[in-house]
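K.L.:
Numbering (my numbering), first residue to last: 670 to 1057.
1. Check the C-beta distance from residue 962 over to residue 924 and give it rounded, since I have them as a contact under 8 angstroms.
2. Contact defined as beta carbons within less than 8 angstroms: I believe residue 1013 pairs with residue 1031. What is the distance between those atoms, to the nearest angstrom?
3. What is the rounded straight-line gap between the Cα of residue 627 and the Cα of residue 719?
4. Does the distance from the C-beta atom of residue 910 to that of residue 846 stay below 9 angstroms?
5. Label residue 939 either buried or exposed according to how many other C-beta atoms from any shown protein chain fall within 10 Å of its C-beta, with 16 as the threshold for buried.
6. Can you list, in chain order, the residues of its chain with a C-beta nearer than 7 angstroms to that of residue 1062? Leave out the 5 residues immediately preceding and following it.
7. Using a Cβ-Cβ cut-off of 8 angstroms (strictly less than) and excluding sequence neighbours within five positions of residue 898, which residues of its own chain qualify?
8. If you measure between the beta carbons of residue 732 and residue 803, is that distance less than 9 angstroms?
9. Helix or strand or just coil, what does DSSP make of residue 1038?
10. Considering residue 998, what are the terminal residues of the alpha helix (DSSP H) in which it resides?
11. State yes or no: is the C-beta of residue 775 within less than 9 angstroms of the C-beta of residue 740?
12. Mind pulling the beta strand (DSSP E) runs of 3 or more residues that sit fully within the region 835–884?
13. When you compare only the Cα positions, how much space is there between residue 979 and residue 942?
14. Answer yes or no: do residue 951 and residue 998 have a C-beta to C-beta separation smaller than 9 angstroms?
15. Nearest to residue 920 by alpha carbon, out of 964, 860 and 808?
16. Would residue 1029 pass as a contact of residue 1010 if the rule is Cβ separation under 9 angstroms?
17. Label residue 906 either buried or exposed according to how many other C-beta atoms from any shown protein chain fall within 10 Å of its C-beta, with 16 as the threshold for buried.
18. Is it true that the region 748–762 meets the region 774–790, where meeting means three or more beta-carbon pairs spaced less than 8 angstroms apart?
19. Below 8 angstroms on the Cβ atoms is my contact criterion, and I expect residue 916 with residue 812 to pass it. Report the Cβ-Cβ distance as a whole number of Å.
20. Excluding the 5 residues preceding and the 5 following residue 834 in the sequence, name in chain order all residues of the same chain whose CB lies nearer than 8 angstroms to its CB.
21. Sorted by chain position, which residues of the same chain lie with C-beta nearer than 6 angstroms to residue 891's C-beta, five sequence neighbours on each side aside?
22. Checking 9 angstroms against the spacing of the C-beta atoms, do residue 850 and residue 908 come in under that value?
23. Just reading off the beta strand (DSSP E) that residue 915 is part of, what are its end residues?
24. Contact defined as beta carbons within less than 8 angstroms: I believe residue 871 pairs with residue 836. What is the distance between those atoms, to the nearest angstrom?
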């Protein structure tokens, strides 16, 4: 991959700031010239404070301080030009006031830059946490072609309470997508707990209902140990959808723990696949113990399953209308997973004007034919018997 586009992106704002700095410099020159030309009873020197104030909107403290210094020099030059810099108290007060205001503007620039650096550190930590917690799904797992994306509702955050992961099992693939009730660090902690429990137990020889029950016990133990009070435990839960997709055969098993049902894209049609027997969310104090049914979905070769969290379907436009996911997906029923999620992401952000009310996660899974192993004829050529 070429690095030239990245360096180009870095040069553009640098060149733009150099071009913008001409505006306050021209203002200083124009105000100084006009103040000298107009009658003596007209004083335009105080307008010079506009130059450092304008510079602070696009430049750092050093450049802002330099422009402020030039503005003070211009104010002093006007006083010297009329010979009143050291004779009239009002002129000296104007110079000192401009110097004080410029220093104050530079101070605010320093504070802003410090906050900007702290925000950059927070973003880098959030990015590292996202990579550790929500590892990108591989593009191919067995016969499955997969694409995914995650959008955090908080503008300055990279991660939130939505979660997903997948793992290979004997003869198939298991996936989970979930949504933690709430936001912030508590939601991230519960996400990490559930993902860790799933990765630890999903490969074991457990049925899907047994896996859901094991995850529920892990979440309940976590909430009992770390939630501040017992009365808050019912307010904490995780909706989750568990899928078990075999490598061979279309019968895909699903256990729905209070999560939005998936969409099935098959032969150009979009179908909502709700569970006839949904179970309670995970972490409801054992309410779902022994009552995790399993449903079957017919998932043929070429079909696509779309998993999502309610942050997608509950995204609102300016009129308060929810995002019609099934209707919009019907526009691209034959797209591959990457193209499908690209269309949805762009359309979703346009629908809500870029402001999500909740975290949003989507996974597109397309079943492809199982690649047949190539059988070599042997270590020797059939023609002359020579070794390959």
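Here a beta-carbon is modelled for each residue, glycine too, at the ideal position from N, C-alpha and C.
P.N.:
Concretely, from the data shown:
1. 7 angstroms between Cβ atoms; contact.
2. The C-beta distance from residue 1013 to residue 1031 rounds to 6 angstroms, short enough to meet the 8 angstroms contact threshold.
3. Any question about residue 627 goes unanswered here, given that the chain covers just 670 to 1057.
4. Residue 846 is positioned such that its CB atom lies closer than 9 angstroms to that of residue 910.
5. With 16 or more Cβ atoms within 10 Å of its Cβ, residue 939 is classed as buried.
6. Lying outside 670 to 1057, the shown extent of the chain, residue 1062 is not represented and no answer is given.
7. The predicted model places residue 898 with a pLDDT of 48, which falls under 50 and marks its position as unreliable; any figure quoted below should be read in that light. Closer than 8 angstroms at the Cβ level, and outside the excluded window around residue 898, lies no residue.
8. No. Outside cutoff.
9. Residue state for residue 1038 is assigned as coil, using DSSP reduced to three classes.
10. In the DSSP annotation of this structure, the continuous segment of the alpha helix (DSSP H) that includes residue 998 starts and ends at 994–998.
11. No, these two residues do not count as a Cβ contact at 9 angstroms.
12. Listed in chain order, the complete beta strand (DSSP E) runs (minimum 3 residues) inside the region 835–884 are 841–849.
13. When rounded, the separation of the alpha-carbon atoms in residue 979 and residue 942 is 15 angstroms.
14. With contacts defined as CB atoms closer than 9 angstroms, residue 951 and residue 998 fail to qualify as a contacting pair.
15. Measuring from the Cα of residue 920, the nearest candidate turns out to be 964.
16. Going by C-beta atoms, residue 1029 is not nearer than 9 angstroms to residue 1010.
17. Buried: at least 16 other Cβ atoms inside 10 Å.
18. The region 748–762 vs the region 774–790: no contact.
19. Yes, they are in contact, since the Cβ atoms of residue 916 and residue 812 sit about 6 angstroms apart, within 8 angstroms.
20. Sequence-distant Cβ neighbours of residue 834 in its own chain, meaning closer than 8 angstroms and more than five residues away, are 803, 804, 806, 844, 845, 864, 867 and 868.
21. Around residue 891: 862.
22. Contact: yes.
23. Run containing residue 915: 907–915, per the beta strand (DSSP E) assignment.
24. Sure, about 5 angstroms apart at Cβ, within 8 angstroms.
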